[in-house]
Structures are given as C-alpha cells and as structure tokens.
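Below is one structure, written out as structure tokens; the observations come after it.
Number of protein chains: 2
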Amino acid sequence: MIQVKKSNPLYEQIYENIKESIIKGDFKSGERIVDGWIAEQLGVSRSPVREAFRKLEQDGLIVNQEGTTLVYKPNVDDLIDLFEVRAGLEGMAIFLATKKIANDELEKLEESLVLVKKAIKEKNTMEVIKLNTFFHGSIIKISGNRRLQEMMGKINNLILLYRNNFFAKYYGDDVFINEHYELLHALKSGNAEAASEKMRQHILNDLEQLKEKLSAQSDNDL
Amino acid sequence: MIQVKKSNPLYEQIYENIKESIIKGDFKSGERIVDGWIAEQLGVSRSPVREAFRKLEQDGLIVNQEGTTLVYKPNVDDLIDLFEVRAGLEGMAIFLATKKIANDELEKLEESLVLVKKAIKEKNTMEVIKLNTFFHGSIIKISGNRRLQEMMGKINNLILLYRNNFFAKYYGDDVFINEHYELLHALKSGNAEAASEKMRQHILNDLEQLKEKLSAQSDNDL
DNA sequence: TTATAGACTACTGTCGACAGTAGTCAGACT
DNA sequence: AGTCTGACTACTGTCGACAGTAGTCTATAA
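Taken in order, these protein sequences are the chains called A and B.
Numbering-wise, the numbering used here comes out as the position in the first sequence, counting from 1, plus 678.
Numbering-wise, the numbering used here comes out as the position in the second sequence, counting from 1, plus 678.
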C-alpha cells in the first residue's frame, strides 16, 4: 500500500508554529502580533494566518482587544484559576488511573521518583522538571480519558507560558517529592478517593508556594 | 457620554450563530456543513465563515475530516469522557464554593430544591431540567473561578448536544434530588472535601444512569 | 455486463485587493 | 506655546477569484 503524505493546510501549520513560538517565548506575553507581519514573514497571504489566529484565540493563547490582537499575558488571578482547574482535572485523572493502572506502570512511576531524588541531589533542575512533568503526565495518560488529556494539554500550555515568562527555573520546593510518594502509595493501594484528594492538595500546595514566590518578587508587575 | 455600539465582526456573529444552531439541533450531529453554503445563505463571503469554523473546531463542535467538515457527533465513549471531566471540574467548583458561599446563596439553592420537588410531582420535565441546571450552574458560578466557568460552559454545550440528539427529555432518575440535598448539606457544613467527593459521585451516578438508558435503547447506533 | 477513461461539478485552501478606521505627524491658526 | 485640522500610514475585516482535488456521471471499450 502506497502512502502519500499530503501535508496539512497552511493554517494548521501556522497555528502549530505560532503556538510553539508563544510557548517558547519568541512572542512575548502582552506583545502585539499582526497577521500581516506573520504572513509576510512566512511568505503567505493573511487568510491562513487569520484562521490560525482564531484557533489560538480559542485556546486562550492570544487575546483580541478592540481590534488588535495581543499575546496572552497571564496575571496572578488567572494563574490561580488555572491551578484550581488543574487540581480538579488531575484529581479526576488519578481517580480514574487508580482503577486501571498496571503493575509495570506503577514501577515506572516509582523509578521516576528515584531518579528525581538523584536529580535533586545533583541540583539538575532541568531533569527535575522533566521527571516531575513525566509523573503528572503519566497519570493523566493512564486515566485513559482523551478529553481530559486534551484539556490538560491546553492548561499546561498556559501555565508553561507563565513559567517561561516569570519563573523559568522554578519547580517548587522539594516537599513535592514526598507528596509524589504519597500519591504513588495511594495509587498502589487502589484507594481512588484518597488519591484524588491527595492530588488536589498536592497541586493546591504547589499553588501556595508559587504565590509566596510571587509576593516575594512582586516587582514583576503582573 | 455618547455611546456607539460598534457591532462585532462578522466572524464573531457567525460563530455565535452557528454555535447556537448546532446546539439547538438545526444542524444535526454528523451532518456535513460547507462554508460556501452558509456564506451564501447569510449573504457574506466565505472568509468570515471560515474563521468562525476555526473557532468552532477548537470548541469541538465541528470536526475536520479529510478536508470536509462535519458537525460533531457524540459517541458513547466520548460522552463518558465528558462526564468524567465534568465530575472533576464540578467537584473542584463545589470545593471552592464551600469556602465562600454566602447565606442568601444557600437559601436560594434550598428554595430551588423545594421547587424541584414540586415540579417532579407535577411531572413538569422542563421545569425540573431548568432547576437542575440552575443548581449546578449556581455552584459553578459561586466558585468564582472564571476559567472553570468557561470550560464547564463548553463541556455543557457538548453534553447538551448529545441530549438534544438522543435524550431530549431525559433528566435522570429522581434520586438526584436526594443527592442534591446531600450536596447542599455539605455546602452548609463547610466541609469542602466531603462536598467535592459527593459531587463527583453525584455526577458519576448520573453517568451510570445514562449508560443504562443507552444500553436499553441501543437501536440508536451511536 | 463490468471496467475505464474522460468530462463535469462542487468544495477546499489560498491569494491579492480594497474599504473603513484608528493612530500619527506636520503645519496652520490662535 | 498650545491646539486644531488635515494628510498620511498601518492594520483589520471582508470580498471575489482561482487553482487543485475528490467525487460523480457518462460514454466507450473489453
């Protein structure tokens, strides 16, 4: 069977492209972006760029303000909202995951916690973030709920945007590792309600720490 | 101060317009829709319609399939996912609401439950649905989390779409009223964790009932 | 009769153009 | 000097046009 890769429409490619640029920080938060500029830069007409804009708008990554469009600029209140939503969704994710997680998946999670302890000792921040993301991401995936995965993807983009702009290297205090162990334990024991409640608390704790950091460096007028 | 209403761009109006048409069922689930048709019908060009499409696509109300676009057709698996997400979000909503609900808001909720009992007795289905929606919607609003409200709005649209297409008159068994009383009680007592857990169970129970109805009338090939 | 090529059709994705508008700047008037 | 007016500019929203393509129908060939 011959397969031909028929490339995605431009507006899709441009959508992905801009999305990445925003998350990476190439387009800065609050900055203005103009369809014409991007069109010119990419050597295409404005139509597909505008269609990409509409998708980004719906993702919340760009905002329309009286005709001009700006890159989404997270503010503290919104960040809190996002974390709370995250707490709700991930709480549900682990609730579901508890009921269907396989042994090898449990082992992988446990391994990642061992690695994280090592990375913390070595002060390897990037590795810590990566493993932390892996831990949360795994549970979301194991939940098996596609909608939930999709929504968490979008939420994480927005939170990431915030972190990239203000706390590039932040990964919370090291208490999270203990909480991760507790989560793992709840997963093992099969107590979905307990796991869910722990996850919510874990994420809300993370939020509290973030808030403290925020008030500590409130010179960043958010 | 003179105020001039500068009307929204066409693509916004068209977006709202189509969204409503889909939810109301004027465009049927799974049906094909073509930008050109809508453009012609509205007497505009295809550009704003296409931009509206991109927004709808991001909402999940329409789906792109190899170049053609179809109205989203809910299937059972997806409905389950949606309900689980709903359970997560509304669980969080009541968790937050518990901590900030005012007395008059509690009273209004209680009133609505009294009215619902009456409506059930009178077999006034529309009224039951309306009050039920009010109960859940109030809690979401009281949570004060704008993101959560927004996301629940979209989820409810998708669920509504399902109901409109398959269970126009369904509102679950009457047990829900007892569960609503329990939720109210948890709200009053200020026990956020308990309220949250109850809400999740309440919604998952609702899902179970829906599933039963589904298998009962499985002639609807979803 | 079935299969195949060719014409026709309808739709998608993209383009370039244009009107309206908000903002900027320079020059004229007080 | 300050401010008002008008020209100029840049951007947004919308339009009509067109190429490419997938699907349908018809007529011809095996």
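Just so you know, even glycine gets a beta-carbon here, dropped at the ideal spot from N, CA and C.
For Val792 of chain A, the enclosing alpha helix (DSSP H) starts and ends at Asn781 to Lys799. With 16 or more neighbouring CB atoms inside 10 Å of its own CB, Met829 of chain A falls in the buried class. Counting only Cβ-Cβ distances below 8 angstroms, Glu694 of chain B has no contacts in chain A at all, with the closest Cβ about 13 angstroms away. Taking a beta-carbon distance threshold of 8 angstroms, Gln887 of chain A does not count as an interface residue toward chain B. For Lys891 of chain B, the closest C-alpha among the options B:Glu762, B:Lys796, B:Asp782 and B:Val754 is that of B:Val754. Not one beta carbon of chain B lies nearer than 8 angstroms to the beta carbon of Gly714 of chain A.
Ranked by Cα distance from Ser707 of chain A, the options A:Gly714, A:Ile696, A:Gly868 and A:Ala717 are led by A:Ile696. Nearest CB-CB separation between Asn883 of chain B and chain A: not below the 8 angstroms threshold. Assignment of Val727 of chain B by DSSP, reduced to helix, strand and coil, places it in the helix class.
Contact between the segment 769-779 of chain B and the segment 869-879 of chain B is present, with at least three C-beta pairs closer than 8 angstroms.
In the three-state reduction of the DSSP assignment, Leu748 of chain B falls in the strand class, which pools E and B.
When 7 angstroms is used as the limit between beta carbons, Ala765 of chain A is near these residues of chain B: Met770, in chain order.
For Val741 of chain A, there is no enclosing alpha helix (DSSP H); the residue is found in the beta strand (DSSP E) stretching over Ile740 to Gln743. Ser725, Arg728, Glu729, Ala730, Phe731, Arg732 and Lys733: these are the residues of the segment 720-733 of chain B whose beta carbon lies less than 9 angstroms from some beta carbon of chain A, given in chain order. Per DSSP, Phe813 of chain A is one residue of the alpha helix (DSSP H) stretching across Thr803 to Ile820. Arg710 of chain B is bridged by DSSP to B:Leu748. When rounded, the separation of the alpha-carbon atoms in Leu739 of chain B and Ile779 of chain B is 33 angstroms.
Using a CB distance below 7 angstroms, the part of the segment 855-884 of chain B facing chain A consists of Glu871 and Glu875, ordered along the chain. Taking the Cα of Leu882 of chain A as reference, the smallest distance to any Cα among A:Glu800, A:Glu768 and A:Gly745 is reached at A:Glu768.
Judged by DSSP in its simplified three-state form, Lys697 of chain A adopts helix. The distance from the Cβ of Asp737 of chain B to that of Gln736 of chain A is about 6 angstroms, consistent with a contact at the 8 angstroms cut-off. Between the segment 786-803 of chain B and the segment 797-815 of chain A there are fewer than three C-beta pairs closer than 8 angstroms, too few to call the two in contact.
Gln743 of chain A and Gly831 of chain B have their C-alpha atoms spaced approximately 22 angstroms apart. The Cβ of Arg825 of chain A sits closer than 8 angstroms to at least one Cβ of chain B.
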